[in-house]
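Scroll down for the structure; my scribbles are underneath it.
6 protein chains.
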Amino acid sequence: MSDNKTGLTGFEILKSCFIGCEAGYDESDIVIFGAPFDGTVTFRPGSRFAPMSMRAESIGLETYSPYQNKDLEDMKIYDAGDLDLPFGDTSRALQKIAGIERYIIKAGKRPVMIGGEHLVSLPAIEEALKAYPDLHIIHFDAHTDLRDEYLGEKLSHANVIRRVWDLVGDGRIHQFGIRSGTREEFEWADSGHTKLHRYTTKGIEETVKELSGVPVYVTIDLDVLDPSIFPGTGTPEAGGVSFMELENALIALSGLDIKAADVVELSPHYDASGVSTAVACKVLRELLLVMG
Amino acid sequence: MSDNKTGLTGFEILKSCFIGCEAGYDESDIVIFGAPFDGTVTFRPGSRFAPMSMRAESIGLETYSPYQNKDLEDMKIYDAGDLDLPFGDTSRALQKIAGIERYIIKAGKRPVMIGGEHLVSLPAIEEALKAYPDLHIIHFDAHTDLRDEYLGEKLSHANVIRRVWDLVGDGRIHQFGIRSGTREEFEWADSGHTKLHRYTTKGIEETVKELSGVPVYVTIDLDVLDPSIFPGTGTPEAGGVSFMELENALIALSGLDIKAADVVELSPHYDASGVSTAVACKVLRELLLVMG
Amino acid sequence: MSDNKTGLTGFEILKSCFIGCEAGYDESDIVIFGAPFDGTVTFRPGSRFAPMSMRAESIGLETYSPYQNKDLEDMKIYDAGDLDLPFGDTSRALQKIAGIERYIIKAGKRPVMIGGEHLVSLPAIEEALKAYPDLHIIHFDAHTDLRDEYLGEKLSHANVIRRVWDLVGDGRIHQFGIRSGTREEFEWADSGHTKLHRYTTKGIEETVKELSGVPVYVTIDLDVLDPSIFPGTGTPEAGGVSFMELENALIALSGLDIKAADVVELSPHYDASGVSTAVACKVLRELLLVMG
Amino acid sequence: MSDNKTGLTGFEILKSCFIGCEAGYDESDIVIFGAPFDGTVTFRPGSRFAPMSMRAESIGLETYSPYQNKDLEDMKIYDAGDLDLPFGDTSRALQKIAGIERYIIKAGKRPVMIGGEHLVSLPAIEEALKAYPDLHIIHFDAHTDLRDEYLGEKLSHANVIRRVWDLVGDGRIHQFGIRSGTREEFEWADSGHTKLHRYTTKGIEETVKELSGVPVYVTIDLDVLDPSIFPGTGTPEAGGVSFMELENALIALSGLDIKAADVVELSPHYDASGVSTAVACKVLRELLLVMG
Amino acid sequence: MSDNKTGLTGFEILKSCFIGCEAGYDESDIVIFGAPFDGTVTFRPGSRFAPMSMRAESIGLETYSPYQNKDLEDMKIYDAGDLDLPFGDTSRALQKIAGIERYIIKAGKRPVMIGGEHLVSLPAIEEALKAYPDLHIIHFDAHTDLRDEYLGEKLSHANVIRRVWDLVGDGRIHQFGIRSGTREEFEWADSGHTKLHRYTTKGIEETVKELSGVPVYVTIDLDVLDPSIFPGTGTPEAGGVSFMELENALIALSGLDIKAADVVELSPHYDASGVSTAVACKVLRELLLVMG
Amino acid sequence: MSDNKTGLTGFEILKSCFIGCEAGYDESDIVIFGAPFDGTVTFRPGSRFAPMSMRAESIGLETYSPYQNKDLEDMKIYDAGDLDLPFGDTSRALQKIAGIERYIIKAGKRPVMIGGEHLVSLPAIEEALKAYPDLHIIHFDAHTDLRDEYLGEKLSHANVIRRVWDLVGDGRIHQFGIRSGTREEFEWADSGHTKLHRYTTKGIEETVKELSGVPVYVTIDLDVLDPSIFPGTGTPEAGGVSFMELENALIALSGLDIKAADVVELSPHYDASGVSTAVACKVLRELLLVMG
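Protein chains in written order, with my numbering: chain U, 1 to 292; chain X, 1 to 292; chain B, 1 to 292; chain W, 1 to 292; chain D, 1 to 292; chain Z, 1 to 292.
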């Protein structure tokens with residue numbers, strides 16, 4: 001967020017944007033924004049607090065990545081702040097997200113959204129799909145998210161990828177790290193609907209080769225990480241990938257044509273140590289640098 | 001919840017109902033149930049966890065009240081457990097609450113609901129009103145809850161009492177402990193729509209006299225208590241009533257014809273000490289004994 | 001716990017049993033129950049809260065395991081609730097556990113106990129031993145638990161396996177993951193009293209081969225897991241096994257004749273993130289499925 | 001604890017004793033020690049951590065009291081550290097407490113014990129009674145502690161004062177602040193067995209007059225304080241006394257011949273803010289100054 | 001903070017300023033800014049996090065005060081954000097604070113600073129004194145803060161008011177709520193150096209009368225509040241004033257000519273419930289409205 | 001700390017020293033002491049609480065290491081307690097640390113310091129260097145700590161190793177586990193100033209061979225560990241080494257001539273589970289045993 005402090009100049013004021021994302025909107029190539037919505041979460045809410053926490057805690061992070069030998073300060077990223085989203089009216093919240101995604105994409109920029117629960121990815125992917133009809137989705141997650149209905153609902157964090165499939169059809173969703181779901185979901189995926197990779201990110205290189213030149217949306221449900229390193233999430237699921245495994249998978253995406261992306265499902269209050277928020281910040285930094 | 005453990009008898013098993021509420025449904029006079037819903041909460045959710053926490057922590061409470069010299073064990077109360085409510089679809093959740101309230105009232109029993117956010121009171125009051133058309137509402141709260149709209153929503157924890165007014169009209173809502181709202185809400189109330197008592201429970205005796213013989217619904221938003229004694233709530237508001245002030249106000253209600261009631265807005269996770277849950281349990285005990 | 005709600009039917013009420021364990025007692029093959037006792041813990045108590053927490057949090061878990069391709073809903077498991085155990089009188093508490101274990105075994109069913117501190121395994125193993133005199137014990141733990149006395153006590157969480165050895169003698173206790181104890185304990189074990197495997201679960205396949213056809217009791221002190229993934233325990237000990245290592249060790253047990261089992265030493269309050277409880281639930285699910 | 005650091009002198013080393021209690025044993029008039037035992041607590045343990053926490057946090061407290069215009073540094077108090085007490089064997093733990101109380105009293109000094117659960121007061125009072133047969137007990141508490149049995153136990157935190165009555169008989173126990181118990185306990189007390197003052201410390205001046213010249217034991221269960229100011233305790237009970245009310249009651253005791261005393265039932269881990277520990281330290285300071 | 005989002009307009013973005021403080025700098029009458037410094041705190045640091053927490057949590061507060069019947073939205077307040085202050089170099093940090101205070105005062109505006117530890121008040125008062133040589137200081141605090149040296153330091157949170165006295169001399173510091181300090185500090189104050197009011201805010205009306213027409217600086221160390229309502233502070237001191245007592249004292253200041261002010265010593269992390277931060281926000285709102 | 005309890009003997013009193021470090025000063029070979037200073041930490045302070053927490057929690061640790069088959073009880077280690085260090089005056093704090101280091105080294109003993117922030121290593125290394133001019137430094141850390149200035153400061157936790165380089169020059173600092181810093185820091189190190197090993201401890205065996213016979217100082221910034229196992233630190237950085245990797249690296253140091261050492265940057269309050277403190281204790285035990 002570029003703050004305009006006319007009249008009060010010459011003082012060193014702490015930034016309120018994500019670290020290293022200090023470009024103005026017009027000059028920016030990438031626009032990040034927060035979608036603090038967790039209204040369909042049945043079990044443990046709190047991802048609404050993620051964007052605010054990540055900005056505040058990003059001060060503990062360097063802008064430079066030794067893994068990629070790149071620096072956020074060499075990129076042009078604008079931090080638009082957080083959308084003001086209504087609770088209790090899911091469809092109106094999703095429309096607002098769709099609106100800003102569309103606006104950013106039309107301006108020739110690439111949106112990177114900070115959730116919020118995973119359902120916020122649905123309007124973002126839908127808008128990207130309108131702009132790039134042959135879009136593929138790379139999906140990191142602990143959970144299949146492929147139920148058709150969840151507690152009678154069609155629209156929820158537990159069936160968001162199924163709704164994406166409604167839009168893109170078979171073979172265009174590439175899932176990694178999946179280790180939880182119903183038997184029906186796993187069988188449905190395995191029958192050809194999605195390319196589901198169990199437990200790890202193994203296979204990412206093949207996927208990257210296959211998607212060379214194709215527009216890609218990357219959605220990272222941070223609970224793909226093992227809860228040892230990422231306890232701050234609504235439905236922690238043991239047996240996940242380590243940070244370095246996710247890091248290497250992200251680096252593997254470097255050559256892809258990533259049009260838009262998101263990181264979702266940080267619930268900062270469930271991890272009082274602040275580690276989960278710090279990890280989310282580092283994942284976002286690496287993702288942004290991969291897109292750079 | 002009366003558990004049927006056919007085949008495994010003779011062992012001392014810990015109860016899973018609220019302490020002292022071990023009557024069977026048929027013999028019961030009062031039925032308590034949980035409405036674990038907080039789907040419209042914008043700021044800090046978590047009241048969905050209240051009924052479960054209160055049952056578990058009620059083991060630390062005596063069934064006897066020295067204040068009233070009464071004992072829950074001398075009453076007939078059935079604990080029906082918690083409704084399974086959907087998130088992301090507010091109206092369906094409210095319908096389910098309406099259903100069980102109606103069922104209990106039709107059976108000639110008195111429902112006492114454990115929220116959940118304050119919006120759960122709306123269907124409960126609506127059902128009580130159908131059965132008792134001249135119902136008055138006694139409302140303890142820190143907040144006016146009288147907005148007509150809140151962030152564009154008509155149905156939310158911030159305007160539940162306004163929606164109740166839509167049903168009952170002027171002069172039948174008696175508010176106590178109110179210390180937060182917009183100027184418009186206070187002025188609207190003071191212009192004759194509700195009987196709003198600021199900051200304290202002063203005036204409760206007059207109200208009780210006025211309502212002699214009239215059917216009454218009591219809704220206790222626990223944040224009427226000062227956050228020093230009740231920090232575990234979504235929007236803590238300093239300057240509230242002490243436990244003993246609320247206790248004395250409840251005792252003042254003893255002669256009233258209370259047809260139904262609720263206690264709402266405990267968010268147990270915000271108070272790791274467990275005190276807020278213990279206080280909520282004690283308020284519920286005292287309320288039940290007042291109804292006995 | 002199968003609840004009998006005569007008179008109040010037709011409402012969707014949240015379950016209070018461990019997820020997927022909804023069989024009635026008579027039809028059940030496996031009976032789970034809680035032993036919420038931590039009375040001999042010197043350092044950090046709290047495992048008394050484990051069974052209650054696990055039931056409540058199990059709602060976040062799927063009943064299906066992709067690792068085993070099995071589902072709890074295809075089994076017949078009865079959840080008996082938690083024993084009401086006295087504190088300050090260790091021997092009376094242990095007698096109560098012995099009583100229910102005996103009852104379940106005599107009924108031809110298999111008991112699975114949720115601790116509580118590790119000492120609760122002693123009466124459970126003793127009862128299983130009475131029914132199956134050639135019983136072997138598979139023991140996952142960070143700690144040897146082989147002291148003869150601990151702070152002058154013969155009966156404590158720190159010498160429970162030594163007391164089991166008093167009952168079964170040399171060569172019938174198979175320990176995995178052990179990484180903490182006195183020099184005397186390690187030397188005593190290595191001199192032939194127990195089969196102690198240091199640090200990891202390596203060797204589990206050989207043990208399984210050796211125990212083919214033999215009745216087995218499996219006791220899982222959850223602190224065998226690395227504290228990174230399981231911080232919620234009284235004496236966390238770094239250098240433990242990962243979830244996937246324990247998972248694979250459990251799957252290795254699939255062919256064994258497991259007569260009874262337990263999972264112990266979750267102290268949920270020490271891990272406010274809820275991850276430890278979620279991990280304990282997942283371990284219990286996998287253990288139950290291995291027994292299915 | 002006076003530390004003997006021969007050989008390493010001339011450095012400013014932080015003290016590990018309670019603030020202002022730096023006298024040597026021989027010169028001391030009062031001896032404080034910790035009894036970190038909570039083995040009979042059924043509901044929420046943790047008072048075992050109180051003495052250690054209080055020493056560490058006492059650094060935030062001044063030694064001077066403006067209320068009494070006295071200073072701990074003008075007294076001679078020795079801090080003996082904490083007893084090493086066994087868990088799982090209640091009677092052995094109580095014997096160890098009795099031993100040190102007896103030793104201190106025989107040396108003509110006055111013991112002040114930091115609990116631990118309330119049961120630790122029993123051996124302390126018993127030893128004081130042996131030395132001063134006409135001892136009266138002043139008891140601050142939220143709970144009656146007068147059950148004859150609790151969950152089948154004769155020795156527990158819930159019946160400690162009943163056990164004291166077994167020793168001293170009618171009329172010599174003066175209870176203040178009591179607001180929780182069974183109907184039977186209140187009736188038993190009111191029938192002449194103890195002098196029970198409900199809810200507040202009102203009546204303390206009369207008691208002080210009555211006990212002029214009589215040897216007195218003061219036992220302060222800190223849960224007499226309202227949980228708003230003292231949430232860190234096992235069974236918080238709303239409606240308690242404020243700090244200033246307790247402070248004034250303690251000052252009222254100034255003229256009494258206090259032979260021994262204790263403060264019990266701080267469970268520091270239940271109050272992460274540290275306020276409960278700070279309050280316990282301040283109560284201990286004021287109690288010590290009253291005895292000075 | 002007025003954000004300049006050129007190019008990305010038409011979206012509802014969440015504000016990052018304190019609620020109701022959305023004026024531009026030029027039009028503003030009052031300027032609030034944060035001084036996140038706690039570098040001299042010996043015991044428990046953390047007040048550096050206060051300004052950021054207060055902004056984020058202010059969303060839970062109404063802009064309207066029923067106590068004063070005033071609304072922040074009717075005032076012109078600019079939120080300048082937080083100074084970027086160095087740690088480990090106290091004097092450089094204080095210089096930066098002095099700089100912004102001077103700038104604001106010279107612009108004819110009134111600065112209101114959010115601490116940080118109490119030492120940040122020193123440069124703020126010094127600058128106000130330069131502009132208004134007959135300045136008086138109204139000081140709410142639990143602690144005297146009058147030591148001449150603290151652990152060998154002349155500049156620390158424990159002697160800030162003594163340093164202020166070095167500047168203003170006798171009779172111009174009016175202290176309220178004081179309940180902790182050394183005997184020397186109390187005696188030094190009482191000998192005529194400051195006007196020290198013990199324990200409560202009694203006497204505030206007389207002070208207000210006396211200071212009619214005189215320029216005043218108001219410094220509120222929030223630990224003047226009882227730790228029951230304000231646990232989130234470094235050195236909680238029981239026996240403090242209630243929120244309503246502080247509220248009434250603030251309202252009493254309404255007629256004064258308040259030139260500058262601060263609220264200090266919130267350490268939000270020590271109170272995970274968020275109540276302390278909510279209370280600090282409400283105190284700041286009331287203070288701003290008093291100045292309006 | 002050897003406590004001198006003349007006059008009060010014959011009672012089992014809990015130790016207040018680090019477990020197994022009960023030797024007297026004169027007989028000791030190694031002296032441990034705490035340096036509770038975190039005054040230059042910009043982001044999240046709290047390492048000042050580390051030494052006290054580690055002593056208290058060390059009771060949960062065995063003195064015997066199965067990894068090394070050694071026991072602290074076979075060594076002669078004296079625990080000197082914690083230095084009383086001033087805040088707000090960095091250089092005075094560092095002088096005090098230098099003083100005790102010098103004293104211990106001159107006595108022919110080996111100092112092992114418990115931090116505090118990493119800056120405390122500077123005076124310790126400086127003193128060791130005076131005594132052993134050809135000293136090499138083995139440095140475990142997540143961060144380079146090689147900035148020349150940090151926020152305008154020359155002396156801070158973020159540039160401590162750069163200040164060490166000022167003293168020792170090129171090639172004598174061996175860094176392991178480094179994964180965070182600016183591009184400039186990495187390039188500066190790689191240009192020959194330090195021997196920087198990225199991400200892991202790989203290369204430690206070569207370093208050990210190279211340093212055979214050379215005096216060595218070992219400084220362990222515990223944040224070299226992955227935050228999954230060590231969340232309790234100021235700037236957690238994902239992608240770190242596991243406990244077993246650090247353990248094996250320490251064992252690799254066994255043959256070296258370690259003259260002095262430290263473990264720094266535990267911030268216990270950020271990890272309420274206590275695991276970080278337990279890990280720090282275990283690292284310290286292993287380090288001490290390696291030096292034995």
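Ideal Cβ positions, reconstructed from N, Cα and C, are used throughout, including at glycine. All values derive from a computational prediction rather than experimental measurement.
Cβ of residue i within 8 Å of Cβ of residue j?
i: Ala-261/B; j: Val-41/B; result: no
i: Ile-100/D; j: Ala-128/D; result: no
i: Ile-114/B; j: His-139/B; result: no
i: Leu-155/B; j: Gly-88/W; result: yes
i: Ala-238/Z; j: Val-279/U; result: yes
i: Leu-246/D; j: Thr-233/D; result: no
i: Cys-17/W; j: Asp-71/W; result: no
i: Gly-177/Z; j: Val-241/Z; result: yes
Which residues in chain D have a C-beta closer than 7 Å to the C-beta of residue i? List them in chain order.
i: Thr-40/Z; result: Phe-87 and Gly-88
Which bits of chain U does residue i rub up against, with CB to CB less than 8 Å?
i: Tyr-270/Z; result: Ala-272, Ser-273 and Gly-274
I want to verify the contact list: residues of chain D whose CB lies under 9 Å from the CB of residue i, in sequence order.
i: Glu-185/U; result: Chain D residues near Glu-185/U: none, gap ~35 Å exceeds 9 Å.
Interface residues of chain D around residue i at Cβ under 8 Å?
i: Gly-232/X; result: Ser-273
Once the 5 residues before and after residue i are set aside, which same chain residues still bring their CB inside 7 Å of it?
i: Pro-231/W; result: Tyr-270, Asp-271 and Ser-276
i: Asp-170/X; result: Gly-192 and His-193
With a threshold of 6 Å on Cβ separation, who are the neighbours of residue i within its own chain once the five nearest residues in sequence on each side are excluded?
i: Met-1/D; result: Per-residue confidence for Met-1/D stands at a pLDDT of 36, beneath the threshold of 50, marking its modelled position as unreliable; the derived number appears in the next sentence. Taken in chain order, the residues that qualify are Ser-16, Cys-17, Asp-79 and Gly-81.
Please list the partners that residue i has in chain B, where partner means a Cβ-to-Cβ separation under 7 Å.
i: Gly-152/W; result: Pro-86
Chain X partners of residue i, CB-CB under 7 Å?
i: Val-224/D; result: Those within 7 Å of Val-224/D in chain X number zero; the least Cβ separation is about 14 Å.
| query | Just checking, does the stretch 202–218 of chain W make contact with the stretch 242–257 of chain X on the three C-beta pairs under 8 Å criterion? | reply | no
| Per the contact definition of three or more C-beta pairs closer than 8 Å, is the stretch 83–101 of chain Z in contact with the stretch 122–134 of chain Z? | yes
| Are the stretch 48–67 of chain X and the stretch 268–278 of chain X touching, with three or more C-beta to C-beta distances below 8 Å? | yes
| message | Against chain X, which members of the stretch 36–61 of chain W pass a CB distance test of less than 9 Å? | response | Thr-42, Phe-43 and Arg-44
| task | Could you tell me whether the stretch 64–77 of chain X touches the stretch 26–40 of chain U, using the rule of 3 or more Cβ pairs below 8 Å? | result | no
| field | Interface positions of the stretch 7–25 of chain X facing chain B (Cβ-Cβ less than 9 Å), listed along the chain | value | Gly-7, Leu-8, Gly-10, Phe-11, Glu-12, Ile-13, Leu-14, Lys-15, Ser-16, Gly-24 and Tyr-25
| Along the stretch 161–185 of chain Z, what residues have a CB closer than 7 Å to any CB found in chain U? | Arg-179, Ser-180, Gly-181, Thr-182 and Arg-183
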